[in-house]
Amino acid sequence: MENQSRLKSLQEALKYSPDNVPLLKLYGDVCLDEWSLAEGKEAFEHVLKLHPEDIDAKLGVAKILYQMGKTSEALVRTESVIHIDPQCAQALVLLSKINISEGQLKSAFSFYEKARQIDATITDGAIEKELGLRTETKDDKKGEPDPKVLNTDLGWVEDALTPGADETDEEDYEEPLLIDNVEKSKTNFSHVGGMEKIKEEIRMKIIHPLKNKELFKAYGKKMGGGVLLYGPPGCGKTLVSRATAGEINAHFLCVGLHNILDMYIGNSEKNLHDIFELARNNAPSVLFFDEIDALAANRTDLKQSASRTVINQLLAEMDGSLNANEGVLILGATNAPWHIDPAFRRPGRFDRIVFVPTPDEAARLEIFKIAAKDKPCDKLDFRLLAKKTPGYSGADIEALFDTAVEDSLSKAMKENRIIPITTKDLLKAIKGVSPSSKTWFESAKNYALFANQSGIYDPILDYFNGKP
């Protein structure tokens with residue numbers, strides 16, 4: 082009743098002072114206590130409109146999202162608080178709760194211990210109960226934590242999960258590998274339909290130098306460098322990258338944001354350096370950054386210095402100023418090249434920028450042939466299918482086959498026999514699967530027409546004008 086009365090009083094006060102930040106935050110906290118979640122979220126978000134970097138409001142929104150059961154969104158919001166203030170103990174407590182809800186008990190334990198090291202007054206009975214942390218036993222002094230369970234070095238103690246166990250051993254606990262998929266690619270250019278211009282660009286960068294070392298050395302050309310592939314989604318940027326490694330029996334390292342970004346300052350840069358070192362130690366290698374615009378965003382658009390330092394680290398690694406990159410081909414793929422910092426387009430970094438459009442008719446014919454392999458098909462008319470699918474990407478063609486396969490499987494299960502896929506089945510699927518690249522080209526055309534001072538997007542204009 083007391084909190085309800087406070088809520089009403091705060092609501093009245095906000096009518097007269099709707100932009101009073103301390104009042105809004107207090108109102109949000111009371112709403113959280115009273116489970117008036119929608120109202121509390123609205124209050125904290127109003128604070129963020131006024132002060133976008135307010136940590137209390139950011140954390141308030143994260144807490145409310147967690148209470149609403151939106152743990153993924155709560156996790157993202159909480160990690161953004163940690164990026165701003167790594168010593169925010171309450172954010173670490175919330176991370177512990179989120180990890181518990183997702184069954185990640187080791188991580189939850191570490192976050193809770195880190196919070197306790199920052200602020201020794203923090204205690205959360207619900208967390209300690211879930212983790213089996215004993216803050217009071219018959220043999221211990223009242224309220225005194227069991228030193229065996231509450232480790233201060235963030236190690237993991239087995240009986241933290243099994244209360245009452247007589248003896249336990251510390252678990253050896255290794256940091257996860259930054260990249261767990263260093264592999265020799267079995268895919269080569271024969272698996273890639275069309276894209277001959279792109280293949281030749283890559284051959285000049287890494288394949289020809291490897292096979293003609295002395296000739297290229299005479300011209301002062303080294304193997305490696307950077308190629309940026311851009312274009313609509315589903316047109317084979319990842320496939321051609323993997324195939325490049327297969328052409329020369331090189332190691333293929335596929336890098337995602339999760340391999341690099343870390344909540345603690347400096348760790349992301351270290352992770353990035355370690356990944357490049359891994360590629361150098363496994364040369365010849367292809368280091369592939371998918372959706373690189375998320376990692377190499379234009380620094381003028383960034384407010385947080387942490388993101389800027391990661392970009393600067395990536396630039397330094399690509400320059401080879403920290404260690405030589407000979408034998409390492411760096412491939413980046415993006416659907417949004419206009420969001421990438423211009424510094425990456427300097428010679429010596431991504432000095433080849435290649436537009437990967439939707440496949441032309443000849444390329445679509447090859448893609449249909451490749452997609453039909455290992456499937457029961459009945460003399461498909463590949464030329465007709467290629468002619469009927471202008472604007473379709475490789476992924477769209479795969480989707481056509483998936484649709485046709487499902488229809489054939491449905492019939493096969495009823496008749497208890499294999500029913501081949503026919504041209505008619507695929508033509509029927511074409512009617513139900515539209516090209517996915519239309520939206521991308523609508524956006525790309527605007528950049529090509531109005532933000533093309535350097536001429537980087539000329540290939541997009543050529544594509545619209547029907548030039549090869």
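The working numbering applies: residue 82 is where the sequence shown begins, and numbers increase by one. Ideal Cβ placement from N, Cα and C applies to all residues, glycine included. Computed from a prediction, not measured in an experiment: that's the story for all the values here.
For the set C169, F545, L156 and K178, the Cα lying nearest the Cα of F522 is the one of F545.
Secondary structure of H332 (DSSP, three-state): strand. Distances from the alpha-carbon of G429 to those of A405, P440, K450 and N416 put A405 closest.
Note: T415 is bridge-paired with Y311 in the DSSP secondary-structure output. Under DSSP, A378 takes part in a beta bridge, and its partners are I421.
L104 and L91 have their C-alpha atoms spaced approximately 7 Å apart. For the pair H132 and C169, the Cα-to-Cα distance works out to about 18 Å.
Judged by their CB atoms, D371 and C335 are nearer to each other than the 9 Å cut-off.
Separation of E126 and K139 (C-alpha to C-alpha, rounded to the nearest whole angstrom) is 8 Å. Excluding the 5 residues flanking it on each side, S182 has same chain C-beta neighbours closer than 6 Å at T152, in chain order. With distances taken between CA atoms, F369 lies nearest to V321 out of T520, V321 and E350. The alpha-carbon of D483 is positioned some 29 Å away from that of K278. Under the three-state reduction of DSSP, L410 is assigned to strand. In the three-state reduction of the DSSP assignment, S366 falls in the strand class. Taking all protein chains in view, the Cβ of D506 is crowded by 16 or more other Cβ atoms within 10 Å, so the residue is classified as buried. L173 is positioned such that its CB atom lies closer than 9 Å to that of K195.
Counting only runs that start and end inside the stretch 138-183, there is no beta strand (DSSP E) element of at least 3 residues.
Taking all protein chains in view, the Cβ of A299 is surrounded by fewer than 16 other Cβ atoms within 10 Å, so the residue is classified as exposed. For V128, the enclosing alpha helix (DSSP H) has its first and last residue at L118 to L131.
The three-state secondary structure of C458, taken from DSSP, is strand. Segment contact: the stretch 287-302 against the stretch 444-454, fewer than three CB-CB distances shorter than 8 Å; contact not assigned.
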